[in-house]
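The numbering of the first sequence is this note's numbering, which starts it at 4 and goes up by one. Even for Gly, the Cβ is constructed at its ideal location relative to N, Cα and C. To start, the structure under review is shown below, and the notes come after it.
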Amino acid sequence: MADPLLISGFSMSSSVERYNHRVTEPKWQSYWTDKRCFESHEDPGKPKYYVLEMFPYPSGRIHMGHVRNYTMGDVIARFRRAAGYNVLHPMGWDAFGMPAENAAIERGVHPKSWTYENIATMRKQLKSMGLSLDWSREFATCDPEYYQHEQAMFIDFLAAGLVERKSSKVNWDPVDHTVLANEQVIDGRGWRSGALVEQRELSQWFLKISDFSEELLKALDTLENWPEKVRLMQRNWIGRSEGLLLRWQLKHAPKGIDELEIYTTRPDTLFGASFMAVAPDHPLAKAAAEKNEALAAFCEECRRMGTSVAAIESAEKKGFDTGIKAVHPFDPSWEVPVYVANFILMDYGTGAIFGCPAHDQRDMDFARKYGLPVLPVVGPREANAASAAATDKAYDGDGVMINSRFLDGLTPEAAFDEVANRLEKAALNGKPLARRKVNFRLRDWGVSRQRYWGCPIPVIHCKACGIVPVPKQDLPVRLPDDAKFDKPGNPLVHHPTWKHVHCPKCNAAAERETDTFDTFIDSSWYYARFASPHAGEPVDAKAGRYWLPVDQYIGGIEHAILHLLYSRFYARAMERTGHFNVSEPFASLFTQGMVIHETFRTHGGDWVLPSDAIEKDGAWVHAQSGETLTVGGVEKMSKSKKNVVDPDTIIESFGADTARWFMLSDTPPERDIEWTENGARGAWRQSQRFWRLVNEAAGHAPGAHGPKGLPLRRATHRTIAAITDDLSSLRFNRAIARIYELATALEEALPQAAADQSVAAAVRESADAFTLLFAPMMPHLAEECWAVLGHTTPVVATAWPVADPELTRVDEVTIAVQVNGKRRDEIRVAKGATREQLEPIVLNLDAVKRALDGKPVSKFIVVPDRIVNLVCAG
RNA sequence: GCGGGCGUGGCGGAAUGGUAGACGCUACGGACUUAAAAUCCGUUGGAGGAAACUCCGUGAGGGUUCGAGUCCCUCCGCCCGCACCA
């Protein structure tokens, strides 16, 4: 990495000494810490502003993605603080999770010490960035002081009926004796052990997020300051559908089963039904399989296929005819065959469907494969009824009902209602044949993990009393420090004493729950804990009312669904159990782009670190070996491709301000930003330029304003207004472009300042404003500049500059003059010039005369203060 | 397959339906210097022209409009999300 301080030496053209970030940055960081500049306190007299960036997982060291994320948050925090808000800007650690446990297994380091050591390293790194964080509120989710509240709330949720224990299928690694997340199953094998993953039924804890499906969906409409993309993703994830539960009478079914309930969103297509299909785990399938070996084998095959990746590969629809028949609800003489099919999911709807091939592509594929009838029942409005039958393409558009007896001629929508109304009134086995049902794709949240490094689930299993919550006075249930990681499986299960306890109810010997919580629970309420991180309850009522919700939340798009949806649910669950008073935790959400970088490889295909790649005569070579390198694509920084740049190195050689400035310049914050060395050097040069500029301006005293200083004053105040606007809406790249414009204006005015007192006064005013305007982005440089300008209170205690409306007012405007929509000239006129005033000026312009070429003007369009367009024939 | 987004100079990107390319990076030329670095000045969408200036130009084609990067339709390309959800 280039070191600008070393390259540049020390002789400079101007008398100003070079700005040295290595001295200045630590100096101001200690100042801010010593004066406790960023510690927040509730102040009902001031408007509050809570800025939060998604807290980091303490993986070891910070990466450039953190630098970008935390810089954006810091700019907002500093800007809002200067603008008079009481700002809360905290930081903590999402500290539970698998990597810590993996480190324990692989290297024998205890997860606890691994985690806290990483936190210490990363805290130091974050501090070197000069972030305006309230470190007094810091916590890690693995602190018992934090997770005890999580446990207490779980007990409250249990009492409130928000928790359920049920059996669920999981990916089980038979070698590691552990449950795997879907993304840990690669080609049907455990990612670590390589063993074939089995599907196992385990009793697990679930949080009943599905109780809130409708509300979580509806409230998305109120989140106007969330990206539309995220709201849409959540909408799709929740997946609301309106349909009908419909029971069909069965013939030739196994004993004790005489009907099949299905779920459909298209009851209008009922007369197009040609088969029924049930999931391989459906009770009907299981019952039928008992007396049918071939069917049993088929179901078993489907079950094995169920394991993630393999299932997606074989998109082929397969079924097995059970021989059972279902009777059509509107025609006792009409029977359709019942299949077991591999594409039917047991946990959606009722795990059973009726197939209407003409209007559903999956059903069509299935019908063609097994030679089942295809009868179109919805026709495009004008087409004739029979035409659709011959194709293999299902029609799912709107149209008009055909081949459907009493529904013929209706729209599908009206037919839906007609079918629903009739079947709701009809009866089968003494109950209505059908009822309307709103269904959701969203399922309950399984929170049990068979792991050590997580928050223990505070319940006790007693043979006599069943499940007994740990009494609150016994919390926290602490993780034992002396766990061993030498055997596969959950160390909490193997621990000699930890799980053996007495039942709180009957005092008999009992066992602790050895599962721990999904770490998404930890991050589902940490934002609330920051309001009162030392309170005896999860959230202090007064502090919560004051600080919550988060005004601006910033993080990666990868959390668009799970983390953000769980947090929204958690807020509601906490609200219901009296811990909280807001249902939506994040008023505004911003999702920032990734940091990307060029990739380098040797001819052998090995990835090479950018710091080992040097440019030589237009080609890239390896710094040590001299081997020629190929330059690959620009991709997300990742350890595997080695295209990473270490924040420590950047901060050491260029300074935190330069790194921050780079992260905000040029690229809009929501897009991916490419880290380039040239860009970083450019940012560094600009910081030096600002330093020199302010130093030169500092030689001029403030004073009375006069006409000669007016242009610079106008530029200054217009910039204040524009940047205030840009920062309010997170358009950092535009704010920076405007700062450059002001720097240029200031630079141009400086030479005249010695000769004219009013220019000097304007320069001085401009330099002050300029410094305050870039301060949120480059806070250390700004403090140093501010001191040079003679101020005795620091920038962090100085109010944001306010634009004088007198000076932002525009008196004269440039109007473009077009002929037939083409720009021919431009004129400067007084603001608000009328058509009558403009017409003679415009018609007299040479360029206009040339363009008109003597032709008469047929239309004279005036857009006040913007444009004039002359329309002429020909 | 379904849903969403995006295509503007060598590059990152500006642009309430109203002067396309602000601002920055790169590159090139020049000044300063013994030299370099740093700094400063200039040029930098394409074509033509000595210049004034003219023509073309926002993925392609069409449309609406006095006027389209922006709105509408069709197509091409790239990116992202969901993926048997009945």
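* Taking all protein chains shown into account, decide if residue 783 is buried (16 or more other Cβ within 10 angstroms of its Cβ) or exposed. => buried
* **Cβ-based burial, residue 337 [other Cβ within 10 Å; buried from 16]** => exposed
* If you count every other CB in all the chains shown that lies within 10 Å of the CB of residue 762, and 16 or more means buried, which is it? -> buried
* **residue 500, buried or exposed, once every other Cβ within 10 Å from all chains shown has been counted against 16** => exposed
* Nonlocal neighbours in the same chain, by C-beta distance under 7 Å from residue 490, ignoring five residues either side -> 497
* To do: Could you please give me the residues that DSSP links to residue 470 through a beta bridge?
  => 464
* To do: Counting only the same chain and skipping the five closest in sequence on each side, list residues whose C-beta sits under 7 Å from that of residue 421.
  => 410, 413
* **Host beta strand (DSSP E) of residue 870 (start-end)** => 870 to 875
* With distances taken from CA atoms, which of 36, 532, 46, 67 is nearest residue 138? -> 36
* Within the same chain, show all residues whose beta-carbon is closer than 7 Å to that of residue 346, passing over the 5 residues directly before and after it, in chain order. => 320, 365
* If you count every other CB in all the chains shown that lies within 10 Å of the CB of residue 817, and 16 or more means buried, which is it? -> exposed
* Please check the pair residue 201 and residue 240, which I expect to be a contact at CB under 8 Å, by giving their CB distance rounded to whole angstroms. => About 27 Å separates the two Cβ atoms, so there is no contact after all.
* Bridge partners - residue 358, DSSP secondary structure assignment -> 278
* **residue 164 Cβ short of 7 Å to the ligand MN heavy atom set** => The model depicted lacks the ligand MN and carries no ligand whatsoever.
* residue 375 and residue 249 look like a contact to me (Cβ under 8 Å); what is the Cβ gap, rounded to whole Å? -> Wrong, their Cβ atoms sit about 19 Å apart, outside the cutoff.
* Consult DSSP for residue 878 and reduce its assignment to one of helix, strand or coil. => Residue 878 is absent from the structure shown; the chain starts at 4 and stops at 877.
* Nearest-angstrom Cα separation, counted from residue 720 out to residue 830 -> 24 Å
* Assigned exposure category for residue 474 - 16 Cβ within 10 Å defines buried -> exposed
* Strand pairing of residue 651, partner residues [DSSP] -> In the DSSP output, where bridge partners are listed per residue, residue 651 has none listed.
* For the beta strand (DSSP E) that residue 866 lies in, which residues bound it at each end? -> 860 to 866
* Asked: Looking at C-alpha atoms only, which residue of 615, 294, 470, 398 is the closest neighbour of residue 628?
  -> 615
* Span separating the alpha-carbon of residue 301 from that of residue 329 -> 21 Å
* To do: Quick one: grab the DSSP three-state call for residue 827.
  => strand
* Asked: To which residues does DSSP link residue 723 through a beta bridge?
  -> According to DSSP, which records beta bridges pairwise, residue 723 is partnered with nothing at all.
* Spatial distance of residue 88 from residue 585 (CA atoms) -> 21 Å
* Residue nearest to residue 417 in terms of C-alpha spacing, selected from 251, 756, 403, 78 -> 403
* residue 650, buried or exposed, once every other Cβ within 10 Å from all chains shown has been counted against 16 -> buried
* Asked: On the three-pair Cβ rule with 8 Å, is the region 216 to 225 touching the region 526 to 540?
  -> no
* Do residue 342 and residue 368 come within 8 Å of each other at the CB atom, strictly closer than that value? -> no
* Asked: Are the beta-carbon atoms belonging to residue 569 and residue 55 less than 8 Å from one another?
  -> no
* Is the region 726 to 737 touching the region 71 to 87 in the sense that three or more CB pairs, one from each, lie closer than 8 Å? -> yes
* Reducing DSSP to helix, strand and coil, say where residue 421 ends up. => helix
* To do: Pick helix, strand or coil for residue 771, following the three-state DSSP scheme.
  => helix
* With DSSP collapsed to three states, give me the class of residue 848. => coil
* Can you say whether residue 788 is buried or exposed, counting buried as having 16 or more other CB atoms within 10 angstroms of its CB? => buried
* To do: May I have a chain-ordered list of the alpha helix (DSSP H) segments no shorter than 4 residues that lie completely inside the region 684 to 734?
  => 713 to 731
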